[in-house]
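Down below is the structure, laid out as C-alpha cells.
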Amino acid sequence: MTLEDVVRARRSTRKFLSDRPVPRHLLDEALELAMRAPSNSNTQPWHLYLATGARRDRLATALLAAVDENPPVIRSAGLPPRFADRRAESGALVYGAMGIARDDAVGRWAAQRRNWEFFGAPVAGVVCMHREFADVDALGVGMFLQTLLLALTDRGLGSCVQVSIALYPDVLRAQLGIPDELRVLCGLSIGYADPAFPANHLDVPRNPVVENVVSLES
C-alpha cells in the first residue's frame with residue numbers, strides 16, 4: 001500500500017480474533033519502524049509495555065476485577081465539555097454499528113467493559129512516558145504511537161489506542177512492573193481484526209481541513 005492507503009485504512013479495532021496470534025517478526029518490524037519517529041532533541045521519550053499469553057490474560061482479569069469493584073467515570077479521561085457533541089457522534093456510530101440502542105444501558109456497559117479485556121486482542125500494550133518529561137514531549141510519544149499504528153496497519157494488523165486503560169494505573173503497575181518514575185498515558189490493543197464485526201469497518205468522519213487549520217498570507 002501507499003502511505004495514503006495505509007492512513008486511510010487504519011481503524012480503531014474493537015474486536016480481535018483472540019485465537020490468532022500476532023507473528024513476532026511482524027510486531028518487531030513495526031516497532032523498529034516506529035522507533036524512527038521524531039522527538040524533541042531525539043530524547044525518544046516513549047516507553048511501551050507489551051503483554052501476551054498468560055501475562056496478557058492475567059492483566060485483563062485484574063483490570064476487569066478493578067472495573068467491577070470500582071466502575072470508572074468515563075468523563076475523567078479529560079475530554080473538554082465543548083467537544084461533547086463529537087463524543088456523542090462517535091459513540092452513536094460505534095454503538096449503532098454494534099446494534100446497541102442509545103437507551104440500552106446494559107448493552108452499552110457490556111460493550112464498554114470489553115475495553116479492559118483489550119477487545120480480545122492477543123497483544124495488550126501500555127504506553128508510558130518518564131515523569132521528568134514535559135507535556136511537550138508527549139508529542140514525541142504521540143508520533144511514535146501513530147507511526148506504530150500505521151506500521152501495524154501496513155502489515156495487516158489491527159490496533160486500538162485506549163485511554164480507558166490508563167484509568168487503573170495501580171493495576172497496570174502491579175501486573176506489568178511499571179515503575180513509579182513512568183507516567184501511564186494509554187493502553188494499546190494489537191491483533192487481527194475480526195472481519196465479521198461491523199464496528200471494525202466504521203469510517204468515522206473527520207472535520208474539513210479549514211476547521212482545524214489556519215492559513216495566513218502576507
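Each step along the sequence shown adds one to the number in UniProt numbering, with nothing skipped, and position 209 is 209.
Built from N, CA and C at the ideal position, the CB exists for glycine as well.
task: Entirely within the segment 155 to 185 and at least 3 residues each: give me those beta strand (DSSP E) ranges in chain order.
output: 158 to 162
query: Taking the beta strand (DSSP E) that His201 falls in, what are its first and last residues?
result: Element bounds for His201: n/a, residue is neither H nor E.
message: Suppose the cutoff is 6 Å on Cβ atoms and the five residues either side in sequence are ignored; what does the same chain contact list for Pro116 look like?
response: At residue 116 the sequence reads Trp, which differs from the Pro that was named. Closer than 6 Å at the Cβ level, and outside the excluded window around Trp116, lie Leu63, Leu64 and Val67.
query: Between which two residues does the beta strand (DSSP E) containing Gly125 stretch?
result: Membership of Gly125 in the beta strand (DSSP E) is indicated by the continuous run Val123 to His130.
task: Tell me whether the beta-carbon of Ile190 lies closer than 9 Å to the beta-carbon of Leu33.
output: no
- request: From the DSSP output, in three-state form, read off Ala134 for me.
  value: coil
task: Mind checking who Gly53 pairs with in its DSSP beta bridge?
output: Beta-bridge pairing links Gly53 to no other residue.
query: Around the Cβ of Pro45, are there at least 16 other Cβ atoms within 10 angstroms (buried) or fewer (exposed)?
result: buried
task: Have a look at Pro198 and Ser218 and give me their C-alpha separation to the nearest angstrom.
output: 48 Å
- request: May I have the straight-line CA-CA distance separating Leu26 from Leu216, to the nearest angstrom?
  value: 43 Å
- prompt: Any idea what DSSP makes of Leu48, helix, strand or coil?
  reply: strand
task: Could you check how far apart the C-beta atoms of Leu59 and Gln175 are, in whole angstroms? I think they sit under 8 Å.
output: That belief holds up - the Cβ atoms of Leu59 and Gln175 are roughly 5 Å apart, short of 8 Å.
- prompt: Which residue from Arg82, Thr13 and Trp109 puts its Cα closest to that of Arg194?
  reply: One detail in the question is off: residue 194 reads as Asp in this sequence, not Arg. That would be Thr13, whose Cα lies nearest to the Cα of Asp194.
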